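Report on one structure; see the data block that follows.
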Amino acid sequence: MGNCCGTKITSSDSGSKSARRNGLSVSRSRVSSASSVPPTPRSEGEILQSANVRSFTFNELKTSTRNFRPDSVLGEGGFGSVFKGWIDENTFAPARPGTGMVIAVKKLNQEGFQGHREWLAEVNYLGQLSHPNLVKLVGYCLEDEQRLLVYEFMPRGSLENHLFRRSSHFQPLSWNLRMKVALGAAKGLAFLHSDKAKVIYRDFKTSNVLLDSNYNAKLSDFGLAKDGPTGDKSHVSTRVMGTYGYAAPEYLATGHLTAKSDVYSFGVVLLEMLSGRRALDKNRPAGEHNLVEWARPYLSNKRRIFRILDARLGGQYSLAGAQTAAALSLQCLSGDSKNRPTMDQVVAALQQLQDTTSNGQQRSSAPSSAHPIPIPIPSRRRRLSASPLSSHSSA
Ligand SMILES: Nc1ncnc2c1ncn2[C@@H]1O[C@H](COP(=O)(O)OP(=O)(O)OP(=O)(O)O)[C@@H](O)[C@H]1O
Ligand SMILES: [Mg+2]
Numbered sequence: 001m002g003n004c005c006g007t008k009i010t011s012s013d014s015g016s017k018s019a020r021r022n023g024l025s026v027s028r029s030r031v032s033s034a035s036s037v038p039p040t041p042r043s044e045g046e047i048l049q050s051a052n053v054r055s056f057t058f059n060e061l062k063t064s065t066r067n068f069r070p071d072s073v074l075g076e077g078g079f080g081s082v083f084k085g086w087i088d089e090n091t092f093a094p095a096r097p098g099t100g101m102v103i104a105v106k107k108l109n110q111e112g113f114q115g116h117r118e119w120l121a122e123v124n125y126l127g128q129l130s131h132p133n134l135v136k137l138v139g140y141c142l143e144d145e146q147r148l149l150v151y152e153f154m155p156r157g158s159l160e161n162h163l164f165r166r167s168s169h170f171q172p173l174s175w176n177l178r179m180k181v182a183l184g185a186a187k188g189l190a191f192l193h194s195d196k197a198k199v200i201y202r203d204f205k206t207s208n209v210l211l212d213s214n215y216n217a218k219l220s221d222f223g224l225a226k227d228g229p230t231g232d233k234s235h236v237s238t239r240v241m242g243t244y245g246y247a248a249p250e251y252l253a254t255g256h257l258t259a260k261s262d263v264y265s266f267g268v269v270l271l272e273m274l275s276g277r278r279a280l281d282k283n284r285p286a287g288e289h290n291l292v293e294w295a296r297p298y299l300s301n302k303r304r305i306f307r308i309l310d311a312r313l314g315g316q317y318s319l320a321g322a323q324t325a326a327a328l329s330l331q332c333l334s335g336d337s338k339n340r341p342t343m344d345q346v347v348a349a350l351q352q353l354q355d356t357t358s359n360g361q362q363r364s365s366a367p368s369s370a371h372p373i374p375i376p377i378p379s380r381r382r383r384l385s386a387s388p389l390s391s392h393s394s395a
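Mapping of the sequence shown onto full-length UniProt numbering: position 52 corresponds to residue 52, and the numbering continues sequentially without gaps.
Next comes the structure, spelled out in structure tokens:
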């Protein structure tokens with residue numbers, strides 16, 4: 001990604017790993033949305049032992065990705081490169097390309113404890129949580145300095161690519177698909193916030209929403225996820241981490257993390273889907289760099305929302321549908337986190353929108369000429385180290 005977008009907010013390590021989840025015991029069972037999350041383990045050994053995923057050797061993953069061939073790179077992020085690979089679906093042993101089960105192998109390429117911490121958090125959460133809208137972690141590799149993660153392969157890649165990449169491979173998403181993806185991602189977040197999981201995701205953005213062949217959305221990347229507050233606590237205190245453009249203002253200002261921080265990020269992503277614009281884009285004219293700031297006045301005015309809707313959508317949406325989605329994103333973006341809806345309420349609103357659409361509402365009188373907006377192809381994203389704002393307790 002270019003400097004225009006997706007700059008990651010990270011900070012150096014602080015606090016002990018064991019400060020999290022004190023007093024909880026270890027469980028081996030994997031959790032589905034229908035059951036409750038087992039107590040989360042504390043130590044690295046316990047996390048790895050209790051994760052219901054396979055431990056791969058480095059050589060197995062090297063073979064399954066054909067020696068991490070450059071032409072099998074699916075994408076690159078701050079953690080490292082993601083490669084396509086093949087394993088036998090029963091034994092999980094490396095398989096010939098084109099046979100067995102397709103996997104995505106994420107290979108850490110950065111040194112230091114932050115990478116290890118994110119790797120471990122991923123195994124910790126995805127090793128226990130299971131839901132149709134979370135990507136499946138198949139396994140991991142921990143060998144000397146090597147840290148890898150093995151996921152189910154998501155054939156349609158990330159929402160980011162579909163919204164912002166301009167190539168024959170990525171056609172503009174239709175209105176109905178955008179709403180389907182929004183609903184799926186909202187369900188994933190709602191599950192994380194539910195009593196079954198009680199997790200704050202902390203890095204909700206378009207590149208972390210992956211799509212299967214039917215455009216079912218699945219959240220990936222739990223490296224920054226945190227256990228939600230317990231007891232009568234209203235928030236968890238953290239160092240500020242996440243991605244600029246998506247992080248909630250009160251979280252950036254105080255380090256106080258709540259589920260409503262995720263709701264804000266969801267509002268940003270919904271706005272990106274409605275507008276086809278990136279959360280931050282320095283290639284835009286002055287005054288339009290920050291999507292939320294630019295779009296806010298239009299979102300609150302029913303007659304002016306056409307100004308922010310993606311021209312590539314043409315007249316695919318109903319006026320009422322567009323207004324509802326815009327109003328929902330505005331609500332999620334409320335400055336006061338208490339005025340933001342819960343993710344359950346977001347799911348209900350999007351579900352209703354989808355039901356209304358499938359019942360055949362009238363299309364809008366929006367201009368139907370769908371002139372593609374020239375959108376720059378982003379280069380690799382950059383991670384930034386940001387100094388902590390104050391003496392927040394843990395990352
Ligand atoms: N399971 C998967 N199946 C298919 N493609 C994937 C999978 N996981 C990741 N990718 C691709 O690899 C890209 C890089 O993913 P990664 O999570 O490492 O970085 P990112 O989300 O782009 O950035 P960041 O490190 O800031 O989170 C994704 O955007 C996606 O295109
Ligand atoms: Mg990611």
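Ideal Cβ placement from N, Cα and C applies to all residues, glycine included. These figures come from a predicted structure and were not determined experimentally.
Taking the alpha carbon of residue i as the point to measure from, which residue in the options has its own alpha carbon closest?
i, options, result
"A279", "S337, G335, S81 and K205", "K205"
"G255", "G267, M241, Q323 and F266", "M241"
"K84", "L211, S275 and V105", "V105"
"residue 410", "Q114, I103, F79 and L149", "Here the chain covers residues 1 to 395 and nothing more, so residue 410 does not appear."
"T243", "G231, K233 and L224", "L224"
"N359", "P341, T342, Q345 and S318", "S318"
"M179", "L159, K226, P155 and E143", "L159"
"P249", "C332, V102 and P155", "C332"
"F153", "Y251, G78, V209 and Q146", "V209"
"G184", "K218, A197 and Y151", "K218"
"L211", "Y264, G157, E293 and I308", "G157"
"V268", "S207, D144, S130 and I103", "S207"
"L192", "F164, Q128, G245 and Y151", "Q128"
"K198", "E293, D227 and S220", "D227"
"F164", "Q351, G335 and D310", "D310"
"F222", "D195, L189, S213 and S194", "L189"
Using the Cα positions of residue i and residue j, report the straight-line distance between them to the nearest angstrom.
i, j, result
"N67", "T99", "17 Å"
"A247", "L126", "22 Å"
"N59", "R303", "59 Å"
"R202", "S261", "7 Å"
"T324", "N176", "14 Å"
"Y215", "S337", "30 Å"
"L299", "V347", "20 Å"
"V181", "F266", "12 Å"
"T357", "T238", "41 Å"
"V73", "V82", "6 Å"
"F56", "V135", "18 Å"
"G231", "D355", "37 Å"
"G344", "E272", "Strictly speaking, residue 344 in this sequence is Asp, with Gly absent from that position. One C-alpha to the other measures close to 21 Å."
"S168", "K233", "49 Å"
"Q110", "G78", "8 Å"
"P285", "I308", "14 Å"
"L274", "P341", "19 Å"
"L291", "L252", "17 Å"
"F92", "Y151", "12 Å"
"E293", "E76", "29 Å"
"P297", "Q316", "23 Å"
Beta strand (DSSP E) containing residue i: first to last residue?
i, result
"R147", "Q146 to E152"
"F83", "G80 to I87"
"G75", "V73 to E76"
"K106", "M101 to L108"
"E143", "L137 to E143"
Using a Cβ-Cβ cutoff of less than 6 Å, which residues in the same chain neighbour residue i once the five nearest sequence positions on both sides are dropped?
i, result
"L328", "A349"
"S64", "G85, W86, I87 and P94"
"A61", "The sequence shown places Leu at residue 61, rather than the Ala named in the question. For L61, where only same-chain residues beyond five positions count, the Cβ hits under 6 Å are V105, C141 and L148."
"K187", "N133 and V347"
"H162", "F170 and L173"
"G115", "L108"
"E89", "G100 and M101"
"S220", "V135, N208 and L210"
For residue i, which residues from the same chain have a beta carbon less than 7 Å from its beta carbon, with the 5 sequence-adjacent residues on both sides left out?
i, result
"H289", "L280, D281 and K282"
"L353", "M179, G321, T324 and A325"
"P97", "R66 and W86"
Provide the residue span of the alpha helix (DSSP H) that contains residue i, from first to last.
i, result
"K302", "Premise fails: K302 is in no alpha helix (DSSP H) and is neither H nor E."
"Y125", "F113 to L126"
"A95", "Looking at the DSSP string, A95 is not in any alpha helix (DSSP H), and its letter there is neither H nor E."
"F68", "Here F68 belongs to no alpha helix (DSSP H), and DSSP marks it neither H nor E."
"S64", "F58 to S64"
"Q351", "M343 to S358"
"Q49", "E44 to S50"
Who are the near neighbours of residue i in its chain, counting only those whose CB is closer than 8 Å to its CB and skipping five residues on each side?
i, result
"H235", "P229, H256, L257 and T258"
"V123", "I47, L48, A51, V53, L137, Y140 and L149"
"L270", "A182, A325, L328, S329 and C332"
"R69", "F83"
Could you tell me whether the Cβ of residue i comes closer than 8 Å to any Cβ of chain B?
i, result
"V53", "Here there is only one protein chain, and chain B is not present."
Please specify which runs of the alpha helix (DSSP H), each continuous and at least 4 residues long, are wholly inside the segment 173 to 261, giving them in chain order. 175 to 193 and 249 to 254
In chain order, which continuous runs of the alpha helix (DSSP H) of length 4 or greater are located wholly inside the segment 275 to 334? 291 to 299 and 319 to 332
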